[in-house]
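> Pasting a structure here, questions to come.
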Amino acid sequence: MLEALCELFPQADIFTHVYDPEQLDSPIIQRHNVHTTFVNRLPFAKTKYQWYLPLMPLALEQLDLRDYKLILSSESGPAKGVLVSPNSRHVCYCHSPMRYVWDMQPEYFANASIVKKVLAAPLLHYLRMWDASTANRVDSFVANSSCIQRRIELCYRRESTVIHPPVDVNDFDPTRSRDDFYLLAGELVPYKKPELAVAACNALGKKLVVIGGGPMVESIRSMAGPTVQVMGRQPFSVLKDHLARCKALLFPGMEDFGILPVEAMASGAPVIAYGNGGILDSTVPDKTAIYFAEQTSQSLEEAIRLFEAKGVRWTAQEIAAHTQRFSRQRFITEMDTHIRSVL
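The numbering of the sequence shown is full-length UniProt numbering, which starts it at 1 and goes up by one.
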């Protein structure tokens, strides 16, 4: 998304907490002037930036943005809390209010020790209060999905406009023939519920390929049956190849929007997904996706059986054509229109 915003504003300066140019493979972003907060100068900041979360509100408020007419913040952690002058306009593109301090706190700390939970509680309370109070520093909120629009209303009591994030939908191939396997991809973390896909395919004896790293890799490997292949973290080219060949993408988590299902559909692959969250914005039931109603392996099994029996109504080419509504150029046009209405 940042690259698309850089295309929209080619002369813009970028402010961030941590910047490591050696790890950034983006000529578009590297052409911009990048400024950092003091967090960037702290020990191990480039690899352990999470350590400094308590300092990030202070760091944001020390940025001098007085000379900028437009401030565009990209929010999923502390970003919108910058201080702006009365002559500036602040548009916040909100991927989500901070998940770990609001409604998804139980999921993020599900495997934490009692000591860690006790120590984190006052910090999370402080961040929640700070996050709510800084909503008044924003002139206009943009939500990345209807799900996030509702969270913005609940957390900040603010209205927002939905503009879906950009996806490079034309970079995927929907013409390949389908192989006999399901695909599970992405970071293997508790809130994405990867174990549901593995359990369902174990029970049904269906082939499943798992691509992704994260803290649950070993536990997923340990529960994988003979029909489940856990590949771990792979280059994006490998993921694209599997998206182009899989029977369907399994998506058992609840995401704010979910780029991966759009990439799967751009590859011509249907999606079997938990019917909640951003997936309701990106897919069309029975045409591009089959939903399951409960976040359990049994409910996912039923959805897989339904898919095996009847599939989806649209062809691979029709599914891919549907994703044009999430293209990069569409995002740039909609953001440009919205920002002009605010200035």
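Just so it is clear, CB atoms sit at the ideal spot from N, CA and C, and this is done for glycine as well.
(1) Return the bridge partner residues of Q229 from the DSSP annotation.
(2) Taking the C-alpha atoms as reference points, what is the distance between V262 and L188?
(3) Under 8 Å, do G277 and E302 count as touching if we go by C-beta distance?
(4) Apart from the five residues on each side of it in sequence, which residues of its chain come closer than 7 Å, Cβ to Cβ, to N40?
(5) Buried or exposed for A143, please, with buried defined as at least 16 other CB atoms from any protein chain shown within 10 angstroms of its CB.
(6) Enumerate, from N- to C-terminal direction, the unbroken beta strand (DSSP E) stretches of 3 or more residues contained entirely within the UniProt domain "Glycosyl transferase family 1" (177 to 309).
(7) How is the alpha helix (DSSP H) around T331 delimited, first residue to last?
(8) Could you tell me whether the Cβ atoms of L208 and S297 are closer together than 8 Å?
(9) Which whole runs of the beta strand (DSSP E) in the region 49 to 103 are 3 residues long or more, in chain order?
(10) Classify S85 as buried or exposed, calling it buried when 16 or more other Cβ atoms lie within 10 Å of its own Cβ.
(11) Where DSSP assigns a beta bridge to I28, which residues make up the other side?
(12) When the Cα of A316 is compared with those of S219, K247 and E294, which residue comes out closest?
(13) Sorted by chain position, which residues of the same chain lie with C-beta nearer than 8 Å to Y49's C-beta, five sequence neighbours on each side aside?
(14) Could you name the residues that DSSP lists as bridge partners for V162?
(15) Assign T16 to one of three DSSP states: helix, strand, or coil.
(16) Measuring alpha carbon to alpha carbon, tell me which residue in G214, Q229 and T175 is nearest A199.
(17) Any contact between the region 175 to 192 and the region 323 to 338? By contact I mean 3 or more CB pairs, one from each, below 8 Å.
(18) Starting from V118 and walking both ways along the alpha helix (DSSP H), at which residues does that stretch end?
(19) Using DSSP with H/G/I as helix, E/B as strand and the rest coil, what is T323?
(20) Can you tell me which of R245, I163, L127 and A12 puts its alpha carbon nearest to the alpha carbon of F141?
(21) Identify, in the order they occur along the chain, each residue of the same chain with its Cβ nearer than 7 Å to the Cβ of L8, setting aside the five sequence neighbours on each side.
(22) Does DSSP put V312 in a helix, in a strand, or in coil?
(23) When you compare the CB positions of F257 and G275, do they come within less than 8 Å of one another, or not?
(24) Is the distance from the Cβ of P190 to the Cβ of W130 below 8 Å?
(25) With H, G and I counted as helix, E and B as strand and the rest as coil, what does DSSP make of V39?
(26) Taking only beta-carbon atoms, is R221 less than 8 Å away from chain C?
(27) Flag this pair as touching only if the region 152 to 162 and the region 211 to 221 have three or more C-beta atom pairs under 8 Å; answer yes or no.
(28) Across the region 64 to 74 and the region 88 to 100, are there enough close Cβ pairs to call them in contact, namely three or more that are closer than 8 Å?
(29) On the criterion of 16 or more Cβ atoms from any shown chain inside 10 Å, does G77 qualify as buried, or is it exposed?
(30) Using the three-state DSSP reduction, which class does V169 fall into: helix, strand or coil?
(31) Determine the extent of the alpha helix (DSSP H) in which P174 is found, giving its start and end residues.
(32) Is the beta carbon of R233 closer than 8 Å to that of G213?
(33) Once you ignore the five residues that flank K117 on each side, which residues in its own chain have a CB closer than 8 Å to its CB?
(34) Between Q30 and P21, is the Cβ-Cβ spacing less than 8 Å?
Based on what the coordinates show:
(1) For this step, residue 229 is matched to residue 229 along the sequence shown. V209.
(2) Your numbering for residue 262 matches position 262 in the sequence shown. Your numbering for residue 188 matches position 188 in the sequence shown. Near 19 Å, if we compare the C-alpha coordinates of L188 and V262.
(3) Within the sequence shown, numbered from 1, the residue matching residue 277 stands at position 277. Within the sequence shown, numbered from 1, the residue matching residue 302 stands at position 302. No, they are not a contact pair.
(4) In the sequence shown, counting from the first residue as 1, residue 40 sits at position 40. Counting only Cβ-Cβ distances below 7 Å, and skipping sequence neighbours, we find H17, V18 and Y19.
(5) Mapped onto the sequence shown, residue 143 falls at position 143. When all chains shown are included, A143 counts as buried.
(6) 182 to 185, 208 to 211, 228 to 232, 248 to 251, 271 to 274 and 289 to 292
(7) Here the question's residue 331 lines up with position 331 in the sequence shown. The sequence shown places Phe at residue 331, rather than the Thr named in the question. Its alpha helix (DSSP H) spans residues R328 to V342.
(8) Here residue 208 refers to the residue found at position 208 of the sequence shown. Here residue 297 refers to the residue found at position 297 of the sequence shown. Result no, Cβ atoms of L208 and S297 do not sit closer than 8 Å.
(9) 70 to 75 and 89 to 94
(10) Locating residue 85 in the sequence shown gives position 85, where the first residue counts as 1. Exposed, because fewer than 16 other Cβ atoms sit within 10 Å of the Cβ of S85.
(11) On the sequence shown, residue 28 is found 28 positions in, with the first residue counted as 1. The partner list for I28 (beta bridge, DSSP) is empty, contrary to what the question assumes.
(12) In the sequence shown, counting from the first residue as 1, residue 316 sits at position 316. Among S219, K247 and E294, the Cα nearest to that of A316 belongs to K247.
(13) Against the sequence shown, residue 49 aligns to sequence position 49. Cβ within range, chain order: H17, V18 and V39.
(14) Reading the sequence shown from its first residue, position 162 is the one you call residue 162. For V162, which the question treats as bridged, DSSP gives the partners A143.
(15) The residue you call residue 16 lines up with position 16 of the sequence shown. Of the three classes helix, strand and coil, the one that applies to T16 here is strand, per DSSP.
(16) Start at 1 with the first residue of the sequence shown, and residue 199 comes out as number 199. Nearest C-alpha to A199: Q229.
(17) no
(18) Sequence index remark: in the sequence shown, residue 118 carries index 118 (1-based). Where V118 is concerned, the enclosing alpha helix (DSSP H) stretches over I114 to S133.
(19) Locating residue 323 in the sequence shown gives position 323, where the first residue counts as 1. In this structure, T323 counts as helix in the three-state DSSP scheme.
(20) Numbered from 1 along the sequence shown, position 141 holds the residue referred to as residue 141. Nearest option by C-alpha distance: I163.
(21) To locate residue 8, count along the sequence shown from 1; it is residue 8. So the list reads I332, M335 and D336, once near-sequence residues are dropped.
(22) Here residue 312 refers to the residue found at position 312 of the sequence shown. DSSP places V312 in coil when its eight states are reduced to three.
(23) Translated into the one-based positions of the sequence shown, residue 257 becomes position 257. Translated into the one-based positions of the sequence shown, residue 275 becomes position 275. Result no, Cβ atoms of F257 and G275 do not sit closer than 8 Å.
(24) Counting from 1 along the sequence shown, the entry for residue 190 is found at position 190. Counting from 1 along the sequence shown, the entry for residue 130 is found at position 130. Contact flag unset, no.
(25) On the sequence shown, position 39 is the one that residue 39 refers to. Correct three-state label for V39: helix.
(26) This model lacks chain C altogether, as it is built from one protein chain only.
(27) Counting Cβ pairs under 8 Å, fewer than three are found: no touch.
(28) Contact between the region 64 to 74 and the region 88 to 100 is present: 3 or more CB-CB pairs across the two stretches fall below 8 Å.
(29) Translated into the one-based positions of the sequence shown, residue 77 becomes position 77. G77 comes out buried.
(30) Residue numbering aside, residue 169 sits at position 169 when the sequence shown is read from its first letter. Helix, per DSSP.
(31) Numbered from its first residue, the sequence shown carries residue 174 at position 174. Counting along the chain, P174 falls outside any alpha helix (DSSP H), and DSSP gives it neither H nor E.
(32) Residue numbering aside, residue 213 sits at position 213 when the sequence shown is read from its first letter. Residue numbering aside, residue 233 sits at position 233 when the sequence shown is read from its first letter. Yes; because the gap between Cβ atoms is below 8 Å, this pair is in contact.
(33) The residue given as residue 117 occupies position 117 in the sequence shown. Taking K117 as the centre and dropping the five residues before and after it, the same chain places the C-beta of F109 closer than 8 Å to its C-beta, in chain order.
(34) Here the question's residue 30 lines up with position 30 in the sequence shown. Here the question's residue 21 lines up with position 21 in the sequence shown. Their beta carbons are under 8 Å apart, which means Q30 touches P21 by this criterion.
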